[in-house]
Amino acid sequence: MNMDVLVSLSKRRGFVFQSSEIYGGTGSCWDYGPLGVELKNNIKRVWWRDFVQNRADMVGIDASILMHPTVWKASGHLDHFTDPMVDCRECKHRFRADHVDELPWTHYCPATKGNKFTIPAGEPCGHCGQRRTLCPECGKGELTAPRQFNLMFKTFMGPVEEDAAVTYLRPETAQAMFVNFDNVLQSMRLKLPFGIAQAGRSFRNEITPGNFIFRTREFEQMEIEYFVNPNDKVDGRPADEYWHDRWIEDCMAWFRRYGLAADNLRLREHERDELAHYAKRTVDIEDRFPIGWSELMGIANRTDFDLKQHSKWSGKSLTYFDEERKEHVVPYVVEPAAGVDRALLAFMADAYREEEVRGEKRVVLKFHPELAPVKVAVLPLLKKRDDIVRTAQTIRVDLAKHWRVVYDDTAAIGRLYRRQDEVGTPYCVTIDVQTVGDSERGEVGDLRVTIRERDSMEQIRVPIAELSTVFRELLDGAPWSQVSGRYPSPRG
Ligand SMILES: [Zn+2]
Ligand SMILES: [Zn+2]
Numbered sequence: 001m002n003m004d005v006l007v008s009l010s011k012r013r014g015f016v017f018q019s020s021e022i023y024g025g026t027g028s029c030w031d032y033g034p035l036g037v038e039l040k041n042n043i044k045r046v047w048w049r050d051f052v053q054n055r056a057d058m059v060g061i062d063a064s065i066l067m068h069p070t071v072w073k074a075s076g077h078l079d080h081f082t083d084p085m086v087d088c089r090e091c092k093h094r095f096r097a098d099h100v101d102e103l104p105w106t107h108y109c110p111a112t113k114g115n116k117f118t119i120p121a122g123e124p125c126g127h128c129g130q131r132r133t134l135c136p137e138c139g140k141g142e143l144t145a146p147r148q149f150n151l152m153f154k155t156f157m158g159p160v161e162e163d164a165a166v167t168y169l170r171p172e173t174a175q176a177m178f179v180n181f182d183n184v185l186q187s188m189r190l191k192l193p194f195g196i197a198q199a200g201r202s203f204r205n206e207i208t209p210g211n212f213i214f215r216t217r218e219f220e221q222m223e224i225e226y227f228v229n230p231n232d233k234v235d236g237r238p239a240d241e242y243w244h245d246r247w248i249e250d251c252m253a254w255f256r257r258y259g260l261a262a263d264n265l266r267l268r269e270h271e272r273d274e275l276a277h278y279a280k281r282t283v284d285i286e287d288r289f290p291i292g293w294s295e296l297m298g299i300a301n302r303t304d305f306d307l308k309q310h311s312k313w314s315g316k317s318l319t320y321f322d323e324e325r326k327e328h329v330v331p332y333v334v335e336p337a338a339g340v341d342r343a344l345l346a347f348m349a350d351a352y353r354e355e356e357v358r359g360e361k362r363v364v365l366k367f368h369p370e371l372a373p374v375k376v377a378v379l380p381l382l383k384k385r386d387d388i389v390r391t392a393q394t395i396r397v398d399l400a401k402h403w404r405v406v407y408d409d410t411a412a413i414g415r416l417y418r419r420q421d422e423v424g425t426p427y428c429v430t431i432d433v434q435t436v437g438d439s440e441r442g443e444v445g446d447l448r449v450t451i452r453e454r455d456s457m458e459q460i461r462v463p464i465a466e467l468s469t470v471f472r473e474l475l476d477g478a479p480w481s482q483v484s485g486r487y488p489s490p491r492g
């Protein structure tokens, strides 16, 4: 699967556009188009339903993006959320210090009268044997010593641009769950273990964003902070370790349930030396993206670090009263953190197929019906027949009360099917002469329409009156075969 194919399909069919494209675009920002926003909303809605709505131990919040600047002091982001940068004194180009040696470099070779060469990353010059010491971009400037560059977007609160007004766009949603821990605990009268979920935007001023929507400076997260009593044992194990494994399994199962193939997913345990200083253990779920195996989400055991830090900096107690042991404890927290944009990219890449059907090529996005941006397309077989068009439009209005449904009569039926396949619409409904009859010949219609299923391309004839019930069944997860067995095939 090639990323360019996805980028091009995304633009052509209204999933993702480059941000501010008519002005030449902005670095690493993307806009979700009419189908992209539906897909993205479906991912968030299903995640929220499965991990918040369906669970008695979960609640949600929606916090503001601008927070008190001390939040970022306490969390460690102000001091540690940095990358080391070097600048070229000549061309002013800026590089990540740890990436400079991974770039091909420009060299004016003294052994060949100063001829200019581009030399592969990390290699010496084949003529003079020199290694890179100057700027890899211009080949002339000296590089500064590394300086720490904070990845948080800085801005000012209020009309005065002074130091006291500095604040930041949040680089993660997690901190809002920690600073609201006591508000949520008290207002909802919760018992450990319980989790707080949030889906929302975060911002990181990445030095090297890229790979389409994989790494962007503005992105959306779906995060859960799951608080447990570190003194509890579950199945003979410390509660935090037990719940960490449970969340790893649940998240893995979730991605598989909505369409990611098992062999496109794997777990990666963080090594001791790559663990964040507060983390007891971190496991990534990696996906086989078009760019290769990369992080889809991380599940970290953050211990009691965050609550203790915020308690220290705010002077407020952030503890839980353990009724059984009659003592206050600082809960441990397990954090399943997923990126919405990355999940969308993974679902799209995994759903993409090029197939040959009866000698004809088709591109199809085999989205899980719950994620598909459009659930049903209503297609009239003859757009010149008023009664067919009227019936089709009535059906669209009826179904659209429950689902995203589109009407299309702008091409011949084969073409209309291909269009819906390409955006992953699981079901098409066609209305034909048989449906409405032919009054001139005195033939009455059978008031049945054809439903075509995307993956098998099988068709069944279903009474119009039963459409809502049939789609409710299918879109609630019933397999096609369970429904299709009850109805005849067209003209069969
Ligand atoms: Zn330079
Ligand atoms: Zn040389």
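Numbering (the numbering used here), first residue to last: 1 to 492. We treat Cβ as the ideally placed atom computed from N, Cα and C, and that holds for glycine.
Point to revise | Limits of the unbroken beta strand (DSSP E) element including Ile224 | key: As a first step, residue 224 is located in the sequence shown; it is residue number 224 there, counting from the start. Glu218 to Val228 is the span of the beta strand (DSSP E), which, as asked, contains Ile224.
Exercise for review: Using alpha carbons as the reference points, say which of Lys92, Arg131 and Ala165 lies closest to Trp105.
Suggested key: The count along the sequence shown starts at 1 and reaches residue 105 at position 105. The residue from Lys92, Arg131 and Ala165 with its alpha-carbon nearest to that of Trp105 is Arg131.
Exercise for review: Please find out if some non-hydrogen atom of ligand 1 comes closer than 7 Å to the beta-carbon of His107.
Suggested key: Taking the sequence shown and counting its residues from 1, one reaches residue 107 at position 107. Flag unset: Cβ of His107 not near ligand 1.
Exercise for review: Give the single residue among Gln186, Gly60 and His328 whose Cα lies nearest to the Cα of Met222.
Suggested key: One-based indexing of the sequence shown puts residue 222 at position 222. The closest CA to that of Met222, considering only Gln186, Gly60 and His328, is found on Gly60.
**Study point:** Cutoff 8 Å: Gln175 Cβ touching any chain D Cβ
**Key:** Looking for chain D here will not work: only one protein chain is present.
Review point. Using the beta-carbon count (16 or more within 10 Å), is Asn115 buried or exposed?
Key: By one-based count along the sequence shown, residue 115 stands at place 115. Asn115 is exposed by the Cβ-count criterion.
Review point. Is it the case that the Cβ atoms of Pro380 and Asp409 are separated by a distance below 8 Å?
Key: Taking the sequence shown and counting its residues from 1, one reaches residue 380 at position 380. Taking the sequence shown and counting its residues from 1, one reaches residue 409 at position 409. By the CB criterion at 8 Å, Pro380 and Asp409 fall inside the cutoff.
Check your understanding: For Met252, which residues of its own chain have a beta-carbon under 8 Å away from its beta-carbon, when the five flanking residues on both sides are left out?
Key -> The sequence position of residue 252 within the sequence shown is 252, counting from 1. Cβ-Cβ distances below 8 Å link Met252 to Leu265, Leu267 and Ile285 in the same chain, with the five nearest sequence neighbours on each side left out; the list follows chain order.
Check your understanding: What does a CB cutoff of less than 6 Å around Ala121 pick up in its chain, not counting 5 residues either side in sequence?
Key -> On the sequence shown, position 121 is the one that residue 121 refers to. Leaving aside the five residues that flank Ala121 on each side, the residues in its chain whose CB is nearer than 6 Å to its CB run, in chain order, Glu102, Leu103 and Pro104.
Review point. Span of the beta strand (DSSP E) holding Leu296?
Key: Indexing the sequence shown from 1 puts residue 296 at position 296. Gly292 to Thr303 is the span of the beta strand (DSSP E), which, as asked, contains Leu296.
Check your understanding: To which residues of the same chain is Ala74 closer than 6 Å at the C-beta, ignoring the five residues directly before and after it?
Key -> Residue numbering aside, residue 74 sits at position 74 when the sequence shown is read from its first letter. Closer than 6 Å at the Cβ level, and outside the excluded window around Ala74, lie Gln309, His310 and Trp313.
Review point. Going by DSSP, which residues form a beta bridge with Cys498?
Key: What the structure shows of the chain is the stretch from 1 to 492, and residue 498 is not part of that stretch, so it cannot be assessed.
Point to revise | Shell residues, 7 Å Cβ cut-off relative to heavy atoms of ligand 1 | key: The answer, residue by residue, is Cys88, Glu90, Cys91, His93, Cys135, Glu137, Cys138, Lys140 and Gly141.
Review point. Closest by CA to Asp31, which one among Asp476, Glu324 and Thr216?
Key: As a first step, residue 31 is located in the sequence shown; it is residue number 31 there, counting from the start. The shortest C-alpha separation from Asp31 is found at Thr216.
Point to revise | Inter-stretch contact (C-beta, 8 Å, three-pair minimum) for the region 432 to 439 and the region 373 to 390 | key: Two segments are said to touch when three or more pairs of C-beta atoms, one from each, lie closer than 8 Å; by this definition the region 432 to 439 touches the region 373 to 390.
Check your understanding: The beta strand (DSSP E) with Asp284 in it runs from where to where?
Key -> Position 284 of the sequence shown holds residue 284. First-last of the beta strand (DSSP E) with Asp284: Arg281 to Phe289.
Review point. Can you name the start and end residues of the beta strand (DSSP E) that Gly339 belongs to?
Key: For this step, residue 339 is matched to residue 339 along the sequence shown. Gly339 -> beta strand (DSSP E) spans Tyr332 to Gly339.
Exercise for review: Please confirm whether any heavy atom of ligand 2 lies closer than 7 Å to the CB of Ala121.
Suggested key: Position 121 of the sequence shown, counted from the start, is the residue given in the question as residue 121. Distances taken from the Cβ of Ala121 to the heavy atoms of ligand 2 include none shorter than 7 Å.
Review point. Quick one: what's Pro463 bridged to in DSSP?
Key: Taking the sequence shown and counting its residues from 1, the one referred to as residue 463 is at position 463. Beta-bridge pairing links Pro463 to Arg448.
Review point. For Ala174 versus Glu335, is the C-beta distance shorter than 8 Å?
Key: If you number the sequence shown from 1, residue 174 lands on position 174. If you number the sequence shown from 1, residue 335 lands on position 335. Taking 8 Å as the cut-off, the beta carbon of Ala174 is found closer than this to the beta carbon of Glu335.
Point to revise | Ile299 versus Trp247: straight-line alpha-carbon distance, rounded | key: Mapped onto the sequence shown, residue 299 falls at position 299. Mapped onto the sequence shown, residue 247 falls at position 247. Rounded to whole angstroms, Ile299 to Trp247 spans 7 Å at the Cα level.
**Study point:** Delimiting residues of the beta strand (DSSP E) encompassing Met58
**Key:** Indexing the sequence shown from 1 puts residue 58 at position 58. Counting along the chain, the beta strand (DSSP E) containing Met58 begins and ends at Met58 to Gly60.
**Study point:** Strand pairing of Gly437, partner residues [DSSP]
**Key:** For this step, residue 437 is matched to residue 437 along the sequence shown. Per DSSP, Val444.
Check your understanding: Which of the three DSSP states, helix, strand or coil, is assigned to Asn150?
Key -> Taking the first residue of the sequence shown as position 1, residue 150 is located at position 150. Shown here, Asn150 sits in a strand according to DSSP, grouped into three states.
Check your understanding: Could you give the distance in angstroms between the alpha-carbon of Tyr427 and the alpha-carbon of Met348?
Key -> Walking along the sequence shown from the start, residue 427 turns up at place 427. Walking along the sequence shown from the start, residue 348 turns up at place 348. About 18 Å.
Check your understanding: Which term fits Lys113, buried or exposed, when burial requires 16 or more other beta carbons within 10 angstroms of its beta carbon?
Key -> Counted from its first residue, the sequence shown places residue 113 at position 113. With fewer than 16 Cβ atoms within 10 Å of its Cβ, Lys113 is classed as exposed.
Check your understanding: Helix, strand or coil: how does DSSP classify Asn115 here?
Key -> Here residue 115 refers to the residue found at position 115 when the sequence shown is read from its first residue. In the three-state reduction of the DSSP assignment, Asn115 falls in the strand class.
**Study point:** Option in Leu365, Pro463 and Gly25 with minimal Cα separation from Asp421
**Key:** Locating residue 421 in the sequence shown gives position 421, where the first residue counts as 1. Checking every option, the nearest Cα to that of Asp421 belongs to Leu365.
Review point. With distances taken from CA atoms, which of Glu220, Gly129, Thr155 and Glu241 is nearest Thr303?
Key: As a working mapping, residue 303 is identified with position 303 in the sequence shown. For the residues Glu220, Gly129, Thr155 and Glu241, the minimum Cα distance to Thr303 belongs to Glu241.
Check your understanding: Who pairs with Met85 in a beta bridge, going by DSSP?
Key -> Residue numbering aside, residue 85 sits at position 85 when the sequence shown is read from its first letter. Paired residue(s): Arg96 and Arg147.
Exercise for review: Figure out for me which residue from Thr394, Arg281, Phe227 and Glu440 has the closest Cα to the Cα of Val449.
Suggested key: The sequence position of residue 449 within the sequence shown is 449, counting from 1. The closest CA to that of Val449, considering only Thr394, Arg281, Phe227 and Glu440, is found on Thr394.
Point to revise | Extent of the continuous beta strand (DSSP E) to which Leu9 belongs | key: The residue given as residue 9 occupies position 9 in the sequence shown. Segment Met3 to Arg12 is the alpha helix (DSSP H) holding Leu9; no beta strand (DSSP E) there.
Review point. Is the beta carbon of Gln148 within less than 7 Å of some heavy atom of ligand 2?
Key: Here the question's residue 148 lines up with position 148 in the sequence shown. Not one heavy atom of ligand 2 lies closer than 7 Å to the C-beta of Gln148.
Exercise for review: Would you be able to state if there are at least three C-beta pairs under 8 Å between the region 355 to 363 and the region 316 to 331?
Suggested key: Not touching, per the Cβ criterion.
Exercise for review: Assuming Phe203 contacts Arg170 (C-beta within less than 8 Å), just tell me the rounded distance between them.
Suggested key: Looking up residue 203 in the sequence shown gives position 203. Looking up residue 170 in the sequence shown gives position 170. Indeed they touch by this definition, with Cβ atoms about 7 Å apart.
Point to revise | Spatial distance of Phe149 from Val160 (CA atoms) | key: Residue 149 sits at position 149 when you count from the first residue of the sequence shown. Residue 160 sits at position 160 when you count from the first residue of the sequence shown. The straight-line gap from Cα to Cα measures roughly 24 Å.
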